[in-house]
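Asker:
Protein chains: 2
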Amino acid sequence: MAVMIGVDWGTSSFRAFRLAADGAVLGRRSAPQGILHIEAGRFAETLRQHVGGWLDEGETRVLLAGMVGSRQGWVEAPYLACPAGAAEIAAALVAVPFEGARVRLVPGLSDTDDSGVPEVMRGEETQIIGALTEIRGDGVACLPGSHSKWARIAGGRITTYRTYLSGETFSALRYGTILGRMMTDGPTDLPAFDRGVARAAEPGHLLHHLFGVRTLGLAGKLKDVESASYLSGLLIGHEVRAARPRGLRVHLIGAMALCSLYARAITACGGESSVEDEDAAARGLALIGRRAQWN
Amino acid sequence: MAVMIGVDWGTSSFRAFRLAADGAVLGRRSAPQGILHIEAGRFAETLRQHVGGWLDEGETRVLLAGMVGSRQGWVEAPYLACPAGAAEIAAALVAVPFEGARVRLVPGLSDTDDSGVPEVMRGEETQIIGALTEIRGDGVACLPGSHSKWARIAGGRITTYRTYLSGETFSALRYGTILGRMMTDGPTDLPAFDRGVARAAEPGHLLHHLFGVRTLGLAGKLKDVESASYLSGLLIGHEVRAARPRGLRVHLIGAMALCSLYARAITACGGESSVEDEDAAARGLALIGRRAQWN
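Chains L and W, in that order, give the protein sequences.
In case it helps, this note's numbering puts the first sequence at residues 1 to 295.
In case it helps, this note's numbering puts the second sequence at residues 296 to 590.
1) If you measure from the beta carbon of L:Val7 to each beta carbon in chain W, is any gap under 8 Å?
2) Between which two residues does the beta strand (DSSP E) harbouring L:His251 extend?
3) Does the pairing of the stretch 31-39 of chain L with the stretch 59-71 of chain L give three or more beta-carbon distances under 8 Å?
4) Does the beta-carbon distance from W:Val391 to W:Leu404 come in below 8 Å?
5) Closer than 7 Å by C-beta to W:Tyr374: which residues in its own chain qualify, once you throw out the five before and the five after it? Chain order, please.
6) I'd like to know if L:Ser115 contacts chain W, where contact means its C-beta is closer than 8 Å to some C-beta of that chain.
7) Counting C-beta neighbours from all protein chains within 10 Å, is the total for L:Asp114 16 or more, i.e. buried, or is it exposed?
8) Report yes if the CB atom of W:Gly471 is closer than 8 Å to the CB atom of W:Ala496, and no otherwise.
9) Taking Cβ positions only, does L:Ala81 come closer than 8 Å to chain W?
10) Cα separation between L:Gln72 and L:Glu168?
11) Terminal residues of the continuous alpha helix (DSSP H) containing W:Trp589?
12) Could you compute how far the alpha carbon of L:Thr267 sits from the alpha carbon of L:Ser273?
13) Evaluate the contact criterion for the stretch 282-293 of chain L versus the stretch 334-346 of chain W: three or more CB pairs, one atom per stretch, below 8 Å.
14) Can you tell which of W:Arg585, W:Ala560 and W:Gly491 has the C-alpha that lies nearest to the C-alpha of W:Ala538?
15) On the CB-based measure, 16 or more other CB atoms within 10 Å of its CB, does L:Pro144 come out buried or exposed?
16) Assign L:Ser166 to buried or exposed, taking buried as 16 or more other Cβ atoms, counted over all protein chains shown, within 10 Å of its Cβ.
17) Closer than 7 Å, Cβ to any Cβ of chain W: which residues of the stretch 206-222 of chain L, in chain order?
18) Using a C-beta to C-beta distance shorter than 7 Å, which residues of chain W count as neighbours of L:Ile178?
19) Should L:Val250 and L:Cys269 be called a contact, given that it needs their Cβ atoms to be closer than 8 Å?
20) Identify every residue that forms a DSSP beta bridge with L:Asp194.
21) Just the C-alpha distance for W:Leu501 and W:Leu530, rounded to the nearest angstrom, thanks.
22) Leaving out five residues before and five after L:Ala131 in sequence, what residues of the same chain have Cβ atoms less than 8 Å from its Cβ?
23) Please classify W:Ile448: does DSSP put it in a helix, a strand, or coil?
24) Is it buried or exposed, L:Asp224, if we count other Cβ atoms within 10 angstroms and call 16 or more buried?
25) For L:Glu124, collect the residues of the same chain with a Cβ closer than 6 Å to its Cβ; drop the 5 residues on either side in sequence, then sort them by chain order.
26) Do you know whose CA, among L:Met4, L:Leu93 and L:Ile158, lies nearest L:Glu76's CA?
27) So which of W:Arg494, W:Ala493 and W:Ser524 has the shortest CA-CA distance to W:Leu474?
28) Nearest chain L C-beta to W:Arg490 closer than 8 Å, yes or no?
29) So, for L:Thr188: in the same chain, excluding its five sequence neighbours on each side, which residues have a beta-carbon less than 6 Å away from its beta-carbon?
30) Note down, in chain order, every chain L residue with its Cβ under 9 Å from the Cβ of W:Leu529.
31) The alpha helix (DSSP H) that contains W:Leu513, what's its start and end?
32) Residues in its own chain within less than 7 Å of L:Gly139 by CB, not counting five upstream and five downstream?
33) Residues of chain L with a CB under 8 Å from the CB of W:Arg457: which are they?
34) Could you name the residues of the stretch 226-255 of chain L whose beta carbon sits closer than 9 Å to any beta carbon of chain W, in the order they occur along the chain?
35) Under the assumption that L:Ala101 contacts L:Glu59 (Cβ atoms under 8 Å), give the Cβ distance between them as a whole number of angstroms.
36) For L:Leu143, report the span of its beta strand (DSSP E) as first-last.
As structure tokens, then:
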């Protein structure tokens, strides 16, 4: 017996889950219909297209998380400030008008760094909540990606987090600088990735290390097929060294391929990590949905 | 009475100088004909097009510096290892076949960083040699740009140097990431540039600071017209803090507008600098040419 529909609706993709009371995924739909691909005003239509069948079968509750709650999304849900856990998030859901179901939006979380510069996330908070059982109330979660998030968890709440622009910086350097001219696409070359991670520990700033990607290639010490993997390791190595709190296991949440690379870099830096399964978003939606007032 | 033609021939531009024995510039030609814009095999033709008149008037010596001596250039001049000064460079010139004049190439300089990663420069060595009179034999030269160079000078020779990919990283981030979507082009907003420089001194890695460019914009704390200048200050601030040796005046060599921004960042970091005049390349060519064997 399903009790809720959960939707992880981000910038580039749409993923819907039909969820049991215990969070089990009874059905799923996904489509490359992230909010950037939805014409203005067609959010309700797109939602109905994917989950209309489940609604016809009796579902009445839909919980949305991700960039769908941003200014560029369906309805803007104001950010909730850290620290926040499932209870605070469930109490701050935003209702979205929709015929035939009660639709609610999960708010993103805001924070400020040590210098008072704002932090924002939308969607990752739901994945972290979904991984809380594994994290057991206290620890560190890392969600690698275009804008990697490193969150501290205490007492089952997200207390603070920091963002690193690593993924987007990789793409920008790969496709927008002279470094990319020596790079070929293909699967990650792990020894080259490891060399990049090790390079991040050497003296010199990232901006200096970046030039070395070129000179190692010119000197015949880095092959074209290795160069992109080395750059990836260099950036991830810098991120892990800057972001990882010492002595705490890192819970990696996200796509397995990228999480595996982060796990590798964390090990190389002397840390420990584990990769959570990819349904953290579904579990987070179920956990928040169970605590919510649906009236 | 002129005695030599000097040419600074880089990736994107061609600059020729008719030089007196004392290095005075008696005539100049420039064109947007960097080596990337020269069809294969047409280097001699392009050179003759710009300096043929001077050759007809009796000049017989042409000294070339810059990327024209790279694998993608006219003739490849092997790198000379640091430390090297005008004497070592003059002794390592490479002859280029050319009818009607003796044409020589200045070799680039190679070095290795503290971890053994190669460094390369082509053209900057000539500008540094040209600024040696100002540097008075010992000091630090900084040549800001796509690939910024920071060189230590001792006893009139370039002893070692490090490269930072700051300029290219700025362009890649500006035009290839979400940060750029909030940016407008225009003259540098100095207060925003200064804020970026100050941000570089705050806790957190560059990859974290980069995300702040976005969040400050979202929070209304950084205007669209300020955002690119802030990013520029952030990157230059990181570079200056990583590259500047404490207690030494920095001699800035290059285009005045960019050098002025570096001078501003160096001052903000508690350092001192001076901007050398823009004819350093011409003076360097004259100094090297005077020491060369032209037989």
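Yeah, the Cβ is synthetic: ideal placement off N, Cα and C, and Gly gets one too.
Answerer: Result, derived from the coordinates:
1) no
2) Val250 to Leu252
3) yes
4) no
5) Pro402, Gly403, Leu404, Ser405 and Val415
6) yes
7) exposed
8) no
9) no
10) 19 Å
11) Note, W:Trp589: premise wrong, no alpha helix (DSSP H); not H, not E.
12) 8 Å
13) no
14) W:Ala560
15) buried
16) buried
17) Leu206, Leu207, His208, Leu210, Phe211, Gly212, Thr215, Leu216, Leu218 and Ala219
18) Glu463
19) no
20) Beta-bridge pairing links L:Asp194 to no other residue.
21) 8 Å
22) Ala141, His251, Ile253, Glu276, Ala280, Arg283 and Gly284
23) strand
24) exposed
25) Leu143 and Lys149
26) L:Leu93
27) W:Ser524
28) no
29) Ser229
30) Near W:Leu529 there are no residues of chain L at all, since even the closest Cβ is about 11 Å away, more than 9 Å.
31) Leu501 to Leu513
32) Ile153, Leu248, Arg249 and His251
33) Gly204 and His208
34) Leu235, His238, Glu239, Arg241, Ala242 and Ala243
35) 7 Å
36) Gly139 to Leu143
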